[in-house]
Amino acid sequence: MKKYSVVICGGGSTYTPDMLELLCIIRKSFPLRKVVLYDCAEERQKIVGEFGKVLFAEYCEDVEFGYTTSKEEAFRDIDFAFVQIRAGGMELRNQDEKIPYRYGCIGQETCGAGGLAYGLRSVPQMIELIRDIRTYSGDSWIINYSNPAAIVAEATKRVFPEDKKIINICDMPTSVLDRYLPLIGKKRCEIQPIYFGLNHFGWFTKLLDKKTGEDLLPKLLEYIQANYERLHKEFEDEIQGETDHWGITFLNHLEMIRDFPYSLPNTYNLYYLYPNKSYSHYRADYTRYDEVIGGREKNVFSFCKEIAALGRMKGTKYDISQKIDPATEVVADMTVDSMAYNDVHAAYLVELVLSIINNAHEFALVMVKNDGICPNLDPEMMLEATCLVGSQEIMPLCYGTVPQFEKGLLENQFACEKLLVDAIFEKDDLKLLQAFTENRIVRDAEAAKQIIADFKKANEGYWPEFH
Ligand code: NAD
Ligand code: G6P
Ligand code: MN
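Residues in the sequence shown are numbered consecutively from 1273, following this note's numbering.
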């Protein structure tokens, strides 16, 4: 039986502990020989790495586990590279989110001015990282999670046009499915969705029942309409405090479905379609960055430190033994809770990998070059679309003609992202200004100029030098 070797780039990411636990939990379905963490921040990664040592010693002692800041050590002899780096770290996420507010714009990690600023850091680092992985493991699968994924995908497509084993993936469309399908008594493994868009800007337009072929989307939308007041109240009750980012997001998302009651949209469409409402829900001095630093990051790291200090998990409240059960190793619905505080991220990535190694052709929502998926959109667009995932290829399903409303939105966003990537490669200041001005959430050239000027200062050493 083949055993696989995995590297997690961004080993110090808050998502890594979950991934490590899941790899132990599903070790029979995804047999491993080696797991190594790689990060450029030694101290940060050490916290997660020391947790990993305890975890693997107890639950997967036959798997070689380690962590390193050496690329050669990390990338040699790898079958799968999970990449979840944050170029510039959380400190610069803070700037991405705060600077646009000075000029009346929303500050967000992946959308609007903040997302563009992040893209300017992420693209050079991702290109370097992929080159390095390819130097040591030319044939490995590179599964990229690093944001802003749409911009990273546009850039990596240009630099590695023939490399079919780089996959950019996001959890959001899948999360939307997992949230709404239970309303009509369905699970994701029972349906085949049809989805199209750019990353963080897309729509489900069909939810096909795998058994009967029936499109269940109309049924779901009717259910939402018929039960709107109750659902709205439930979503509202879920919100924990005025800064609960995801609680507020899902409430707004429900309102968006009410307003455009013919598809199931990505939550991120909110920023583009409801900039004023999105803006009014945000606080310039306390953004999602502050929530993450005081919440997930704090929890994940203290969890890791506690386990490293205990030196064991078995027999403690952190024991994952009860989760290592053949029943939880089912591929199709693996959103098992782990102890490590996050949720679905690792499960979605591992589902993708299982479809690859088993040549299962399960669907996944990943980024692929348009090339006719949506014939009335630019063939060069990196679309996020339904794909069937096998061991030799990622096969997108043809979507067909995109309606006018969505087409206009996507073409605008693509122009913005394309200009940004052009600006990076050509170090072109004018294209930089055009990219920011083109963006629906920025819009205004005067604001764009000021935001860019502040971002240039904050991103010294990370952004290319523009002329
Ligand atoms: P994080 O800041 O907690 O972790 C990122 C880690 O990457 C840090 O330990 C940092 O030191 C490391 N890093 C930064 N640059 C690096 C480089 N060049 N080489 C190696 N390591 C590097 O961030 P997080 O919140 O855990 O998120 C990780 C990434 O995953 C981010 O890019 C985030 O936007 C992305 N993400 C994407 C999705 C998606 O839908 N695709 C979902 C969740 C998170
Ligand atoms: C979703 C998106 C990601 C994004 C993340 C931010 O999962 O799909 O692209 O990075 O949210 O989450 P956070 O909890 O860090 O704000
Ligand atoms: Mn995403």
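All residues carry an ideal CB built from backbone N, CA and C; glycine is no exception.
Heavy atoms of the ligand MN versus C-beta positions, residues under 7 angstroms:
Thr1382, Asn1419, Ala1421, Cys1442, Asp1443, Met1444, Asn1471 and His1472
Are three or more beta carbon pairs between the segment 1425-1442 and the segment 1698-1710 nearer than 8 angstroms?
As far as the Cβ criterion goes, the segment 1425-1442 does not touch the segment 1698-1710, which means the pair count is below three.
Figure out for me which residue from Glu1508, Thr1515 and Glu1514 has the closest Cα to the Cα of His1525.
For the residues Glu1508, Thr1515 and Glu1514, the minimum Cα distance to His1525 belongs to Glu1508.
Taking all protein chains shown into account, decide if Asp1609 is buried (16 or more other Cβ within 10 angstroms of its Cβ) or exposed.
Because the pLDDT at Asp1609 is just 49, under 50, the model does not fix this residue reliably, and the point stays unresolved.
Residue environment, Cys1576, which counts as buried when at least 16 other CB atoms sit within 10 Å:
By the neighbour-count rule (16 or more Cβ atoms within 10 Å), Cys1576 is buried.
So, helix, strand or coil for Val1603, using DSSP?
Legend: pLDDT at Val1603 = 38, less than 50; position of this residue unreliable, no value from coordinates given.
Counting pairs of beta carbons, one from the segment 1644-1652 and one from the segment 1668-1684, are three or more of them closer than 8 angstroms?
yes
Exposed or buried, Lys1482, counting other C-beta atoms within 10 Å across all chains shown (16 or more means buried)?
exposed
Please list, in chain order, all residues of the same chain as Lys1275 whose beta carbon is under 7 angstroms from its beta carbon, the five residues on each side excluded.
Pro1303, Leu1304 and Arg1305
Per-residue DSSP class, three states only, for Asp1726:
Shown here, Asp1726 sits in a helix according to DSSP, grouped into three states.
Would you check if the segment 1526-1543 and the segment 1486-1501 touch, i.e. whether three or more CB-CB distances between them fall below 8 angstroms?
yes
Could you have a look at Trp1475 and say whether DSSP puts it in helix, strand or coil?
strand
Which residues DSSP lists as bridging Thr1658, in chain order:
Leu1637
Does DSSP put Arg1568 in a helix, in a strand, or in coil?
Reduced to three states, the DSSP call for Arg1568 is helix.
Residue range of the alpha helix (DSSP H) that Ile1802 falls in?
Since the displayed the chain opens at 1273 and closes at 1739, residue 1802 lies outside it and no answer follows.
Compute the Euclidean distance between the alpha carbons of Leu1493 and Phe1476, then round it to the nearest angstrom.
12 angstroms
Would you report the Cα separation of Pro1668 and Val1320, rounded to the nearest angstrom?
36 angstroms
Member of Ala1422, Ser1550 and Lys1300 whose CA lies at the smallest distance from the CA of Met1273:
Lys1300
Buried or exposed (CB count within 10 angstroms, at least 16 for buried), Tyr1339
buried
Beta-carbon proximity list for Gln1464, same chain, < 7 angstroms, skipping 5 on both sides:
Leu1480, Lys1482 and Phe1635
Taking C-beta to C-beta, are Ala1385 and Pro1396 nearer than 8 angstroms?
no
If we require 3 or more residues per run, which beta strand (DSSP E) segments fall completely within the segment 1280-1316?
List check, beta strand (DSSP E) in window: 1304-1310.
DSSP three-state label for Pro1547, please.
Helix, per DSSP.
Using beta-carbon positions only, say whether Ala1353 and Ile1298 come within less than 8 angstroms of one another.
no
Tell me where the beta strand (DSSP E) around Leu1388 begins and ends.
Careful: Leu1388 lies outside any beta strand (DSSP E), inside the alpha helix (DSSP H) at Gly1384 to Tyr1408.
Selected residue, minimal CA-CA separation from Leu1692, among Phe1727, Cys1377, Leu1388 and Tyr1534:
Leu1388
Near Asp1605, what residues of its chain come up, given a Cβ to Cβ distance below 7 angstroms and the 5 sequence neighbours on each side ignored?
Any reading at Asp1605 needs caution, since the residue's pLDDT is 46, under 50, leaving its predicted position unreliable; the model's value is listed next. Within the same chain, Asp1605 has close Cβ partners Lys1459, Arg1460 and Cys1461.
Find out if the Cβ-Cβ distance for the pair Thr1515, Leu1542 is shorter than 8 angstroms.
no
Tell whether a beta-carbon distance below 8 angstroms holds between Glu1381 and Glu1400.
no
According to the neighbour-count rule (16 or more other Cβ atoms, all chains shown, within 10 Å of its Cβ), is Met1398 buried or exposed?
buried
Any idea if Glu1718 is buried or exposed, counting beta-carbon neighbours within 10 angstroms, 16 or more meaning buried?
By the 10 Å Cβ count, Glu1718 comes out exposed.
Is the Cβ-Cβ distance between Ile1592 and Cys1377 less than 8 angstroms?
No, they are not a contact pair.
Other residues of its chain near Tyr1734: CB distance less than 6 angstroms, five sequence neighbours each side excluded
Gly1360 and Arg1393
Could you check the C-alpha separation between Glu1344 and Trp1413 for me, to the nearest Å?
17 angstroms
Whole alpha helix (DSSP H) elements within the segment 1461-1548, 4-residue minimum:
1489-1498, 1500-1510, 1517-1531 and 1541-1545
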